[in-house]
Amino acid sequence: MKLSIGKAWDEAKGIAGRDGNVLLAIALALLVLPGTIIETVAPSSLRGEETPLWVSLLGLVALLVNLAGQLAISRIALERAGTVGDALAIAFRRLAALFGALMLVVLPFALILGIILLGAGGDMDPQKLPPGPALAILAVMLVFVFVLVRLLFLTPLAADQPGGPVALLGGAWRLSRGRSGRLLLVVLLLMLVALLLVAGLGGALSAAVILLLGPVAPFNVSALLVALIQQVLAAIVSVFLALTVARLYVQARSGGVMASVPDAGHQ
3 MKLSIGKAWD EAKGIAGRDG NVLLAIALAL LVLPGTIIET VAPSSLRGEE
53 TPLWVSLLGL VALLVNLAGQ LAISRIALER AGTVGDALAI AFRRLAALFG
103 ALMLVVLPFA LILGIILLGA GGDMDPQKLP PGPALAILAV MLVFVFVLVR
153 LLFLTPLAAD QPGGPVALLG GAWRLSRGRS GRLLLVVLLL MLVALLLVAG
203 LGGALSAAVI LLLGPVAPFN VSALLVALIQ QVLAAIVSVF LALTVARLYV
253 QARSGGVMAS VPDAGHQ
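Under the working numbering, the first residue of the sequence shown is numbered 3, with each subsequent residue one higher.
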């Protein structure tokens, strides 16, 4: 079955209009708030090469909460959540499986990149890398992007189906077979929107805040407002990405690629 990006986008807009209050509550609590907190107490623009352990742990917590938010939004987009509480309960229940699947993908690539960098002397400055290691890193990153595109259905699949990390990876890979081009187009379009919205508008608003209130520093008003601006704009992109991908997943699922299995909520 050929995926229709236009249909998925129209359905995403319809869900956003119908369940806007619910999506807003989830986005504010699970997408905006965690990122705002960490960027207020430890702005990324001020972090050095050696990040304190507590900042890394706080970042991990923020990531996990963000993933739970993506799962809850996907569950709503699949129109299989009875209430907000149901969506959140399933999201946190399936969080471990989704995080495990992501780690199975990310860690091998991180290990390969680490080995290449160690072989090049450990210097992470791209301008100082020899041509060989630089090309190797580029090749690894391109393969990583390809794998991520093939696994774009991972979050809605985790919100919809039972199973552990390995089962999720296999299912997402099968669902995307023959559809990489359209899924890549979705990613590129939303990256363009993110660039314009977060980097463009967000950068301009953040610059205005800094001009009026002074430079960003931990726990100051500038850090809070800049973090809030960036996180709200990023959440808008994340919500529509989750909704659109979930509706594309429904198209792929209904195409007979994957057999229906019991509701993930009963696991």
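Built from N, CA and C at the ideal position, the CB exists for glycine as well.
For this session: Measure the C-alpha to C-alpha separation of Ser58 and Ala229 and round it to an integer number of angstroms.
Result: Counted from its first residue, the sequence shown places residue 58 at position 56. Counted from its first residue, the sequence shown places residue 229 at position 227. Roughly 17 Å separates the two Cα atoms.
Problem set entry | Beta-carbon proximity list for Ala219, same chain, < 7 Å, skipping 5 on both sides | In the sequence shown, the residue the question calls residue 219 occupies position 217. Non-local C-beta neighbours of Ala219 in its own chain, meaning closer than 7 Å and more than five positions away in sequence, comprise Ala225, ordered along the chain.
Exercise. Can you find at least 3 beta carbon pairs, one from the stretch 115–122 and one from the stretch 27–47, that sit closer than 8 Å?
Worked result: Contact between the stretch 115–122 and the stretch 27–47 is absent: fewer than three C-beta pairs spanning the two stretches fall below 8 Å.
Exercise. If we count the other Cβ atoms within 10 Å of its Cβ and call it buried at 16 or more, is Gly216 buried or exposed?
Worked result: Numbered from 1 along the sequence shown, position 214 holds the residue referred to as residue 216. Exposed.
Problem set entry | Coil, strand or helix - Phe148 by DSSP | In the sequence shown, counting from the first residue as 1, residue 148 sits at position 146. Looking at Phe148 - three-state DSSP - the assignment turns out to be helix.
For this session: Rounded to whole angstroms, what's the CA-CA distance from Gly258 to Leu186? Just pull it up for me.
Result: Your numbering for residue 258 matches position 256 in the sequence shown. Your numbering for residue 186 matches position 184 in the sequence shown. For Gly258, the predicted structure reports a pLDDT of 48, less than 50, and the residue's modelled location is therefore unreliable. The matter cannot be settled from this model.
Exercise. Using CA coordinates, which residue listed in Gly61, Ala237, Leu5 and Thr42 is at the minimum distance from Leu192?
Worked result: The residue labelled residue 192 in the question sits at position 190 within the sequence shown. Checking every option, the nearest Cα to that of Leu192 belongs to Ala237.
Exercise. By a C-beta neighbour count over all protein chains shown, 10 Å radius and 16 as the cutoff for buried, is Glu13 buried or exposed?
Worked result: Translated into positions along the sequence shown, residue 13 becomes position 11. Buried: at least 16 other Cβ atoms inside 10 Å.
Exercise. Where does Ala93 land, buried or exposed, given buried means 16+ other C-beta within 10 angstroms?
Worked result: In the sequence shown, residue 93 corresponds to position 91, counting from 1. Ala93 comes out buried.
For this session: Name the two residues that bound the continuous alpha helix (DSSP H) containing Glu13.
Result: The count along the sequence shown starts at 1 and reaches residue 13 at position 11. First-last of the alpha helix (DSSP H) with Glu13: Ile7 to Arg20.
Problem set entry | Per-residue DSSP class, three states only, for Glu81 | As a first step, residue 81 is located in the sequence shown; it is residue number 79 there, counting from the start. Three-state result, Glu81: coil.
Problem set entry | Reduced DSSP secondary structure (H/G/I, E/B, other) of Thr53 | For the purposes of this step, residue 53 is taken as the residue at position 51 of the sequence shown. Thr53: coil per DSSP, three-state reduction.
Exercise. Among Lys130, Leu104, Val108 and Pro133, which residue has its Cα nearest to the Cα of Ala169?
Worked result: In the sequence shown, the residue the question calls residue 169 occupies position 167. Selected option, being the one with the closest Cα: Leu104.
Exercise. Alpha helix (DSSP H) containing Phe111: first to last residue?
Worked result: Reading the sequence shown from its first residue, position 109 is the one you call residue 111. For Phe111, the enclosing alpha helix (DSSP H) has its first and last residue at Val86 to Gly121.
Problem set entry | Where Phe221 falls: helix, strand or coil (DSSP) | Walking along the sequence shown from the start, residue 221 turns up at place 219. Under the three-state reduction of DSSP output, Phe221 falls in the coil class, being neither helix nor strand.
Exercise. Does the beta-carbon distance from Ile78 to Ala91 come in below 7 Å?
Worked result: Translated into the one-based positions of the sequence shown, residue 78 becomes position 76. Translated into the one-based positions of the sequence shown, residue 91 becomes position 89. Between Ile78 and Ala91, the C-beta spacing is not below 7 Å.
Exercise. Are the Cβ atoms of Arg184 and Leu48 separated by less than 7 Å?
Worked result: As a first step, residue 184 must be located in the sequence shown, where it is residue number 182. As a first step, residue 48 must be located in the sequence shown, where it is residue number 46. For Arg184 and Leu48, no; Cβs fall outside 7 Å.
For this session: Assign Leu245 to buried or exposed, taking buried as 16 or more other Cβ atoms, counted over all protein chains shown, within 10 Å of its Cβ.
Result: What you label residue 245 is simply residue 243 of the sequence shown in a count that begins at 1. So Leu245 counts as buried.
Exercise. What is the rounded straight-line gap between the Cα of Val247 and the Cα of Ala10?
Worked result: Here residue 247 refers to the residue found at position 245 when the sequence shown is read from its first residue. Here residue 10 refers to the residue found at position 8 when the sequence shown is read from its first residue. Straight-line spacing of the CA atoms in Val247 and Ala10 works out to 8 Å.
Problem set entry | Backbone CA spacing between Leu199 and Val239 [nearest angstrom] | One-based indexing of the sequence shown puts residue 199 at position 197. One-based indexing of the sequence shown puts residue 239 at position 237. C-alpha separation (whole angstroms): 8 Å.
Problem set entry | Option in Val86, Val211, Ser208 and Val147 with minimal Cα separation from Val189 | As a position in the sequence shown, residue 189 is number 187, starting the count at 1. If we check each option's Cα against that of Val189, Val147 comes out closest.
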